[in-house]
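These notes are about the structure you will find just below.
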Amino acid sequence: MTCCHESCVGGCDGRTNRDCVACRNLAHDGVCVDSCPASTYVYKNHRCIQAAECPHYWKLHNGECIEECPTSFITNITNARYCQPCDGPCPKVCEGRMVVNSVGDAANLAGCTIINGSLEIGIRSGTNIMKEFEKNLGMIEEVTERIVIRMAYSLVSLNFLRRLKRIGGASLENGLYSFYLLDNRNLQQLFDIRNYPNITIGNGSLFFHNNPKLCVSNITTFESQVNFLVPPKSNNFGTNGDQVACSIHKIIVFAKPGKSTLILRWQFETSQISDKRNLLGFIVSYRKAPYKNVTVLDGEDACGTSQWQTVYENPDKTGTMLVGLEPWTQYAIFVRSYLISNTEEGAQSDIKYITTKEKEPGPPSDLMVLADSSSRLIVSWGLPKKPNSNIVEYLVRWQKQELEVNMFSTRDFCREKPPTLVSGIIVKPEEETTDMNQTCQHGCCACPKDKEQLKLEEEEALFQKQFENFLHNHVFIQRPDAKRRRREAPDDALAGTPPAATVLPASVRFNSTTPNLFAPMGTSPAPTQLLFKEQFVANTTVALMDLDHFTEYVVEVLACNREKCGLKMATFGRTLPKPDADAIPPTVMANITSKDPQDRRVKLSWEEPPSPNGIIILHEIVYYKMGTQEGGEPRPEEREANGETNGEGNGENPIGQEATPATEGKPEGKMICLSEARFHQQHGYEFVGLDPGNYSAKIRVISLAGEGPWTEPYMFTVPEPVHEPTSAPDSGLGAMGITIGICVAFVLILVAVIWILVRWRYKKNQMPDGVLYASVNPEYMSTSDMYVADEWEFPRNQLDIICELGKGSFGMVYEGRAKKISPDEDVTTVAVKSVQANASIRDRIEFLNEASVMKAINAHHVVRLLGVVSKGQPTYVIMEYMAQGDLKNWLRARRPENQTDVPLQNRKYPPSLTDILNMGAEVADGMAYLTAHKYVHRDLSARNCLVSEENTCKVADFGLARDIYQSDYYRKEKGGMLPIRWMAPESIRDGVFQASSDVW
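Its first residue numbered 1, the sequence shown is counted upward by one per residue in the UniProt record's numbering.
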């Protein structure tokens, strides 16, 4: 794979910017560049060209060759090749006779402010017509000739011409009319004169004919408000409005808002209508209205498109309730009568604006925690996606999280890489992005995501956020505190139902003690319960002060209105390390513990830092003998680990290794690594076998934040040995002692060999070929673990093997028929598992371990054991038959791409959301049962969940299951096959299995 130049995209054939398949920015003479050189112009955002290469009718503007002048610029009057800024809003003149018969025709007029000609509209069909017309025709201010709207059956109103100010009348329709409307069967309203008055007509008259739903009163009102520069001729508008009720009576509406409802009542005397039988009911229309400028026909067209939602009520009703509304949102509503066609009378209310009541706010968005010092966290967040009310302040809560010390104290970091905890920004990891420079070859590159994919990803991300918020607010529920008096976010508010309370000042206060709600299942609570601290703030950023250094905190933010706080958003943050927190106090001491020339010992002792960054995981000592040229710190990979012996040392900790030249910033000498556990056992370090002389030593600790500073050099002396006269040993006694020692050793060795032979022969006689052991803890075997037939034993002659179902982890799985294995059936269909013929004793022990585990299990969502056939060969384990096999293949069989060759009527549909939730709940129920009975599965995956005939999902395959009754966890000490793909990190790293790692 070639690493491309940063200017390349889509792949490359070399490493320079001349070898790109395509350029990330611009191309110039075959070279990818970030910007065009001087005297060249950007053409189509792709390449650089000379001015002569730019098409003659295009513009040269701001170093670009563009087809038209951009917004706020017009063509230069003196040189049409260039653009000049507009004096105010830029006019756009569209020349000629503009005919609009479709939405596409309207798009051609987008941005036009002046039509130097006529505008003729005759649209008869289409979708989103009013929306598109408002978008494309809404900028028109002047038509120099005439406006003709003829047989435009899709139009309901002319409000899309919201900026029209002048009709010139330079050329008239039929020589008389500058505003001409003919046969628009669905047109009900002209311009909204209230919002856009002062229309001027320079010449010509109005013509309205055969517009059956346009009331004459609307026409005359429009005529009275138009400014005619030339007096028009009189017209007869009587052929309009003959199919609608133009005599409108007033309906009075009363509204009572709720959080998500509106209760409406209206007053209308039906006696006002001459014939009550014409009244079929009432139509209640409502819509969101951020501003009080909506009209009855906004966004409506004859094809049914409307921005209003409607509710129908019978004529005898005088009220209704609108449900499903958004809290703290302004709605526009009006009520109108529903009458028989061609009725001249009608009734309608004015548009009424009502705001729903406030509700508890939604959770804040984009919560982020940044550490900028060892005692401060900066917390920032965004406004809630659903504020539901007027947010006046935010409640910020934080709680210190205790480190799980046992997780580190049992490990020797002299033998493995020390961990480092990250400080700083704690946010969700972003999606991994693929560098196309490293994945594309020879012109092949990843396709960009379309709008549907982006929308699906956005919806999925939103669902994930909502799901996490649901878990935080409904699972992690904290205990209430009866001592709290002032308004705050009570603990039941975190569950989504906060009670009303009074206002609380923005000061730090303490909450009730609260356990660590985020600790994994199966872990013991901390011995001391930590307090939540709280603070009310008005902004979306707050600094949490006076925090402990290098400590993790859980931070929660809740939005609050004047009555209550809403749902919370939570995340974690860790303060930065304190620079001098890992410094060892100046209390280093050296004591000579042995002056024996053959066993000289010097113990170096020191105190640990009183308040380190996190916890201390190891100690390092560098020492050298003064007056020599030895020095230097070995490379980390060469450093000898605690517990190895190499040269000098006490047999448990190494003295060090050969010195290397000193490097800048590092002390000279040999290095010793001392684990934290060993330090506490010895309260320091004891040198053994040092040569006499003067020594210099430096010490430092390594915490979870990294390496601490070295101490000042500490000098100590190993004295010369003192020789005292001693009597000569008795050579005869020495020789006799050696002889006796050799004899005793020979006898002991002989006894050991005889014992081993006898033991081996005894085991051989007691364990014929095929002996089987089974235990819930098979890695701790004893003679009591030998499998003994019990009440689960099933006669072999009552079991018939029918067909092979598949291959399991220990052997084959068959479908079988068992006679009288169930008291309710004479013959029962069962699943039969058998061990492989060539399996070892160990494999057979593991095979029967599954049966031993299943004997103690009786749960609906765990596959049941029915019997064991252990007498004779092969050994069988009889289990409940699951007709649809394992969950992995069950899901794959329902993928549409895997069923292209299957007839349509035989295809299996993918599971619905209800099916998925049911199966998830069934598996969770099965695992909860195992957890309650102190079993750890160790191999939970889709292939080990079986599906019954009724689509019930059950947990199966207990070959790796273990009993954890004593300690709530199981540590695997020996090798063996494990499902790495499905294992939790702590299980892979430490071999520790518990209930929480099962469902990781």
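Every residue gets a Cβ at the ideal spot worked out from N, C-alpha and C, and that includes glycine.
Cα separation between residue i and residue j?
i	j	result
His209	Asn235	10 Å
Ala27	Val33	6 Å
Leu567	Val369	18 Å
Asp704	Phe408	One point to set straight first is that residue 704 is Leu, not Asp, in the sequence displayed. Approximately 10 Å between the Cα atoms of the pair.
Ile121	Cys4	55 Å
Leu322	Pro910	36 Å
Cys945	Gly867	20 Å
Val744	Met736	12 Å
Pro713	Ile699	8 Å
Asp790	Lys855	11 Å
Ile857	Glu313	59 Å
Ser997	Trp982	10 Å
Ala932	Leu848	23 Å
Glu676	Val701	9 Å
Asn539	Leu377	16 Å
Gly14	Glu64	30 Å
Val747	Glu880	59 Å
Asn227	Leu206	12 Å
Arg562	Phe536	13 Å
Ser306	Phe334	14 Å
Pro577	Asp546	14 Å
Ala984	Phe993	8 Å
Ile273	Glu345	7 Å
residue 1003	Lys256	The shown model of the chain, from 1 to 1000, leaves out residue 1003, and the question about it has no answer.
Gln657	Ala371	For Gln657, the pLDDT reaches just 34, beneath the cut-off of 50, and the residue's location in the model is therefore unreliable, leaving the point undetermined.
Arg277	Pro315	10 Å
Thr356	Leu367	28 Å
Arg895	Val832	29 Å
Val148	Lys233	18 Å
Glu53	Gly104	32 Å
If you measure from the CB of residue i, is any heavy atom of the ligand PLP nearer than 7 Å?
i	result
Cys673	Inclusion of the ligand PLP in the displayed structure is not the case, the ligand content being empty and no account of it being possible.
Just verifying my parser: in three-state terms, what is the DSSP assignment at residue i?
i	result
Phe993	strand
Ser7	coil
Trp982	helix
Gln836	coil
Gln401	coil
Thr513	Annotation note: pLDDT 36 at Thr513 (below 50); position unreliable, no value reported.
His249	strand
Pro520	Its pLDDT being 37, under 50, Pro520 is placed unreliably in this model, and the coordinates cannot settle the point.
Phe679	helix
Glu64	strand
residue 1085	Residue 1085 falls outside the range modelled here, since the chain spans only 1 to 1000, and no answer is possible.
Gly104	helix
Once the 5 residues before and after residue i are set aside, which same chain residues still bring their CB inside 6 Å of it?
i	result
Val294	Ala332
Ala38	none
Pro91	Thr113 and Ile114
Phe254	Arg265
Take residue i as the anchor and find which of the options has the nearest alpha-carbon.
i	options	result
Thr711	Ile584, Gly10 and Ile140	Ile584
Pro586	Glu607, Lys578, Gly346 and Asp599	Glu607
Gln84	Thr71, Glu95, Lys871 and Val93	Thr71
Lys352	Asp183, Ser285, Arg761 and Glu416	Ser285
Ser834	Gly811, Thr828 and Trp760	Gly811
Gly627	Pro419, Leu604, Thr717 and Ser178	Thr717
Val588	Asp548, Lys533 and Ser696	Ser696
To which residues of the same chain is residue i closer than 7 Å at the C-beta, ignoring the five residues directly before and after it?
i	result
Leu403	Gly614 and Ile615
Met139	Gly111, Cys112, Thr113 and Arg163
Met521	Confidence at Met521 is low in this model, with a pLDDT of 36, below 50, so the placement of that residue is unreliable and no value is reported for it.
Ser171	Ser118, Glu145 and Arg146
Leu137	Ala106, Leu109, Phe160 and Leu161
Gly770	Its pLDDT being 43, under 50, Gly770 is placed unreliably by the model, and nothing is read from it.
Leu279	Thr270, Ile273, Pro315, Ser337 and Leu339
Can you find the residues in the same chain that come closer than 8 Å, C-beta to C-beta, to residue i, ignoring five residues on each side of it along the sequence?
i	result
Trp792	Ala851, Lys855, Leu865, Gly867 and Val868
Three CB pairs or more closer than 8 Å across the stretch 918-936 and the stretch 893-908: no
At a cut of 8 Å, does the stretch 855-871 reach the stretch 927-934 through at least three beta carbon pairs? At 8 Å Cβ cutoff, the stretches touch.
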